[in-house]
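Counting along the sequence shown from 1, when you hit position 26 you're at 26 in UniProt numbering, and nothing is skipped either side.
Glycine included, every Cβ here is placed at the ideal spot set by N, Cα and C.
The structure under discussion appears below in the form of structure tokens.
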Amino acid sequence: MPGVIQGSLAGCIKWLPPKDQVNPAEANIEDGCYDHPVVVLSTQPRGGRVEFFILTSFNGEDLETKYPRQPSARRDHLPIKPRKRHPDNGILLVLKNPSDKLRKPSYVKTQTRRSIYLASLQPYDRHRQGPEFFLSKESYRTLIDHVGFTEPQYEPPAYSLASGSGNATPSTPRVRAPEPALPIRAPRRLPVDDLESAVRSYVGQTRYAAASTGQRLPIQPPWSYAAAAARAETRPLLPTQEHNPRPATTYYRPPGAYPDHRDLPSDPSEPSACGEVWTCLKAVFWISLVSLACYWVYRNGGSWAASVGERLPNRVAAILGLADHSKGKSTGLMGSFLKVLNSRKARASKWF
Numbered sequence: 001m002p003g004v005i006q007g008s009l010a011g012c013i014k015w016l017p018p019k020d021q022v023n024p025a026e027a028n029i030e031d032g033c034y035d036h037p038v039v040v041l042s043t044q045p046r047g048g049r050v051e052f053f054i055l056t057s058f059n060g061e062d063l064e065t066k067y068p069r070q071p072s073a074r075r076d077h078l079p080i081k082p083r084k085r086h087p088d089n090g091i092l093l094v095l096k097n098p099s100d101k102l103r104k105p106s107y108v109k110t111q112t113r114r115s116i117y118l119a120s121l122q123p124y125d126r127h128r129q130g131p132e133f134f135l136s137k138e139s140y141r142t143l144i145d146h147v148g149f150t151e152p153q154y155e156p157p158a159y160s161l162a163s164g165s166g167n168a169t170p171s172t173p174r175v176r177a178p179e180p181a182l183p184i185r186a187p188r189r190l191p192v193d194d195l196e197s198a199v200r201s202y203v204g205q206t207r208y209a210a211a212s213t214g215q216r217l218p219i220q221p222p223w224s225y226a227a228a229a230a231r232a233e234t235r236p237l238l239p240t241q242e243h244n245p246r247p248a249t250t251y252y253r254p255p256g257a258y259p260d261h262r263d264l265p266s267d268p269s270e271p272s273a274c275g276e277v278w279t280c281l282k283a284v285f286w287i288s289l290v291s292l293a294c295y296w297v298y299r300n301g302g303s304w305a306a307s308v309g310e311r312l313p314n315r316v317a318a319i320l321g322l323a324d325h326s327k328g329k330s331t332g333l334m335g336s337f338l339k340v341l342n343s344r345k346a347r348a349s350k351w352f
């Protein structure tokens, strides 16, 4: 029977049909990959899909002829017998049945690994009577070791995990009954008369409790409570974003209304200890200086005043032309004044 697969899919050679014969869901495969043979890597389908590599014949060219100076490109292609061994790593893949032969000598392109639904693949030889084409186990192991392929662990469906037999029927999933939805009712609003009566009843109970404890409550008209309750009922439960309550004792002013004193020097309300010490030192300095000046005048002031008093009248008289320097006499009113000064000078010299 053509297309019979016995056991695992690993290493099976299949045919990827033209694009118009493939499920449109496989549009992620490049156009150059269609209508080519493929080798399956997966041992079992995962969600109905398998992973595979494309086979190419290079139109009869040899690998060394196709890529003479590109060892990396040669590494991505592994030959299948009857091709020659790989020129770099010496790998040569063979088919499981030595009597099987591919239509063209081919290479496995290991550069890109792709996936497809298994139902979209066709047998490599649809007219073949017997099992499919397969790589040998050693060749398949060499291939997956070369590309580092690791198949994820197979997880069978939930219905096949039943113990005892393999033909267990799938379990029916439990569906939770929907809970009845609670009706959404609009908030009830009491009329103003009901609110007023309720407030009066509450105020009466509060006053009774206060009277029993000896407290005293402020008297407020009942209608003010009703008005406050009516206003509170119309307000929203949650404040809006623009709502920004402020305390009643604060007054808001914009930032620009306050004067800017950043450039003014600071004026401390109390002088520092350093300033007080400096003031005391200055006072002591000036007192000492004045005391020294007074002492110097007391010691040398008499002789200095006498010399000045002796020279000054003669110089003034000489300037004014009132004295006769050749005779040492003075004339006129100024002359008499100078005589008095000279007599006073003589008396002062006796004291000093």
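- request: Would you kindly work out how many angstroms separate the C-alpha atoms of F52 and V40, rounded to a whole number?
  value: The residue you call residue 52 lines up with position 52 of the sequence shown. The residue you call residue 40 lines up with position 40 of the sequence shown. CA-to-CA, the gap between F52 and V40 works out to about 4 angstroms.
field: Inter-residue Cα distance where the pair is V50 and S139
entry: In the sequence shown, residue 50 corresponds to position 50, counting from 1. In the sequence shown, residue 139 corresponds to position 139, counting from 1. Near 19 angstroms, if we compare the C-alpha coordinates of S139 and V50.
task: Would you list the one or two residues that DSSP bridges to E51?
output: As a working note, residue 51 is residue 51 in the sequence shown. DSSP, once it has assigned bridges, lists S115 as partnering E51.
- prompt: Nearest to E132 by CA position, among P87, Q70 and S99, is which residue?
  reply: Residue mapping note: residue 132 aligns to position 132 of the sequence shown, counting from 1. Comparing Cα positions, the closest option is S99.
- prompt: For I144 versus K109, is the C-beta spacing smaller than 8 angstroms?
  reply: Within the sequence shown, residue 144 is the residue found at index 144, counting from 1. Within the sequence shown, residue 109 is the residue found at index 109, counting from 1. The answer is no: Cβ separation not under 8 angstroms.
message: Looking only at its chain, what residues have a beta carbon closer than 6 angstroms to the beta carbon of C12, apart from the 5 residues adjacent to it on each side?
response: In the sequence shown, the residue the question calls residue 12 occupies position 12. If we look at C12 and ignore the five residues flanking it on each side, its Cβ neighbours are V40, E132 and F134.
P71, DSSP secondary structure in three states: The residue you call residue 71 lines up with position 71 of the sequence shown. Helix.
task: Tell me, to the nearest whole angstrom, how far the beta carbon of K14 is from that of Y34; I am working on the premise that it is less than 8 angstroms.
output: What you label residue 14 is simply residue 14 of the sequence shown in a count that begins at 1. What you label residue 34 is simply residue 34 of the sequence shown in a count that begins at 1. The Cβ separation is near 13 angstroms, so there is no contact.
field: Enclosing alpha helix (DSSP H) for L16 [first to last residue]
entry: On the sequence shown, residue 16 is found 16 positions in, with the first residue counted as 1. Taken as a continuous stretch (DSSP letters only), L16 belongs to no alpha helix (DSSP H), being part of the beta strand (DSSP E) at C12 to L16.
- request: Consult DSSP for P37 and reduce its assignment to one of helix, strand or coil.
  value: Counting from one through the sequence shown, the residue named residue 37 turns up at place 37. If DSSP states are grouped into helix, strand and coil, P37 belongs with the strands.
task: Could you round the C-beta distance between L93 and L78 to whole angstroms and report it? I think they count as a contact, below 8 angstroms.
output: Here residue 93 refers to the residue found at position 93 when the sequence shown is read from its first residue. Here residue 78 refers to the residue found at position 78 when the sequence shown is read from its first residue. Indeed, because the Cβ distance is near 6 angstroms, the residues count as touching under 8 angstroms.
query: Do you know offhand how far K104's Cα is from G47's?
result: Numbered from its first residue, the sequence shown carries residue 104 at position 104. Numbered from its first residue, the sequence shown carries residue 47 at position 47. C-alpha separation (whole angstroms): 32 angstroms.
- prompt: Quick one: Cα of P82 to Cα of P152, how far?
  reply: Position 82 of the sequence shown, counted from the first residue, corresponds to residue 82. Position 152 of the sequence shown, counted from the first residue, corresponds to residue 152. Distance between the alpha carbons of P82 and P152 is about 32 angstroms.
task: Put R344 into one of helix, strand or coil per three-state DSSP.
output: In the sequence shown, residue 344 corresponds to position 344, counting from 1. It is helical.
- prompt: In its own chain, which residues sit with a C-beta less than 6 angstroms from the C-beta of A73, not counting the 5 before and 5 after it?
  reply: As a first step, residue 73 must be located in the sequence shown, where it is residue number 73. Around A73: Y67.
- request: Just tell me which of P45, V38, Y107 and D76 has its CA closest to the CA of E61.
  value: Taking the sequence shown and counting its residues from 1, one reaches residue 61 at position 61. Out of P45, V38, Y107 and D76, Y107 has the C-alpha closest to the C-alpha of E61.
query: Can you round the beta-carbon distance between Q122 and P17 to whole angstroms, since I take them to be within the 8 angstroms contact cut?
result: Residue numbering aside, residue 122 sits at position 122 when the sequence shown is read from its first letter. Residue numbering aside, residue 17 sits at position 17 when the sequence shown is read from its first letter. Sure, about 5 angstroms apart at Cβ, within 8 angstroms.
- request: Consider the C-beta atom of E26 and the heavy atoms of the ligand PLP; say whether any pair is separated by less than 7 angstroms.
  value: Ligands displayed in this structure: none; no statement on the ligand PLP is therefore possible.
- prompt: Is I29 closer than 8 angstroms to R141 when the C-beta atoms are compared?
  reply: Numbered from 1 along the sequence shown, position 141 holds the residue referred to as residue 141. Numbered from 1 along the sequence shown, position 29 holds the residue referred to as residue 29. No.
query: According to DSSP, is Q129 helix, strand or coil?
result: Translated into positions along the sequence shown, residue 129 becomes position 129. Here Q129 sits in coil by DSSP.
- prompt: For I116, which residues of its own chain have a beta-carbon under 6 angstroms away from its beta-carbon, when the five flanking residues on both sides are left out?
  reply: Translated into positions along the sequence shown, residue 116 becomes position 116. Once the five neighbours on either side are set aside, the close Cβ partners of I116 are E26.
message: By the three-class DSSP mapping on this structure, what secondary structure does H146 have?
response: By one-based count along the sequence shown, residue 146 stands at place 146. Here H146 sits in helix by DSSP.
task: Compute the Euclidean distance between the alpha carbons of E276 and W296, then round it to the nearest angstrom.
output: Residue 276 sits at position 276 when you count from the first residue of the sequence shown. Residue 296 sits at position 296 when you count from the first residue of the sequence shown. The straight-line gap from Cα to Cα measures roughly 31 angstroms.
message: For R75 and N89, I'd like the C-alpha separation in whole angstroms.
response: What you label residue 75 is simply residue 75 of the sequence shown in a count that begins at 1. What you label residue 89 is simply residue 89 of the sequence shown in a count that begins at 1. Spanning the two alpha carbons is a distance of roughly 8 angstroms.
- prompt: Which one or two residues does DSSP pair with K19 in a beta bridge?
  reply: The count along the sequence shown starts at 1 and reaches residue 19 at position 19. Under DSSP, K19 takes part in no beta bridge, so it has no partner.
field: Collapsed DSSP secondary structure at A162 in the structure displayed
entry: Position 162 of the sequence shown, counted from the start, is the residue given in the question as residue 162. Residue placement at A162 is flagged as unreliable, the pLDDT there being 43, under the threshold of 50; the coordinate-derived value follows with that caveat. DSSP places A162 in coil when its eight states are reduced to three.
- request: Report the partner residues of Y107 according to the DSSP bridge assignment.
  value: Within the sequence shown, the letter at position 107 stands for residue 107. Beta-bridge pairing links Y107 to T56 and P79.
- prompt: Quick one: what does DSSP say R46 is sitting in, helix, strand or coil?
  reply: On the sequence shown, position 46 is the one that residue 46 refers to. Of the three classes helix, strand and coil, the one that applies to R46 here is strand, per DSSP.
message: Among the candidates A283, K137, Q129 and S197, whose CA atom is the shortest distance from the CA of L95?
response: Taking the first residue of the sequence shown as position 1, residue 95 is located at position 95. If we check each option's Cα against that of L95, K137 comes out closest.
P123, DSSP secondary structure in three states: The residue you call residue 123 lines up with position 123 of the sequence shown. It is a strand residue.
query: Between which two residues does the alpha helix (DSSP H) harbouring E151 extend?
result: The count along the sequence shown starts at 1 and reaches residue 151 at position 151. Going by DSSP, E151 is part of no alpha helix (DSSP H) at all; its letter is neither H nor E.
query: How far does the alpha helix (DSSP H) with E64 in it reach, from first residue to last?
result: As a working mapping, residue 64 is identified with position 64 in the sequence shown. That run of the alpha helix (DSSP H) goes L63 to K66.
query: Between A10 and the rest of its own chain, which residues show a CB-CB distance below 6 angstroms, the 5 nearest in sequence each way excluded?
result: As a working mapping, residue 10 is identified with position 10 in the sequence shown. Taking A10 as the centre and dropping the five residues before and after it, the same chain places the C-beta of T43 and Y140 closer than 6 angstroms to its C-beta, in chain order.
- request: For I80, collect the residues of the same chain with a Cβ closer than 6 angstroms to its Cβ; drop the 5 residues on either side in sequence, then sort them by chain order.
  value: Indexing the sequence shown from 1 puts residue 80 at position 80. Cβ neighbours of I80 beyond the five flanking positions: L93 and S106.
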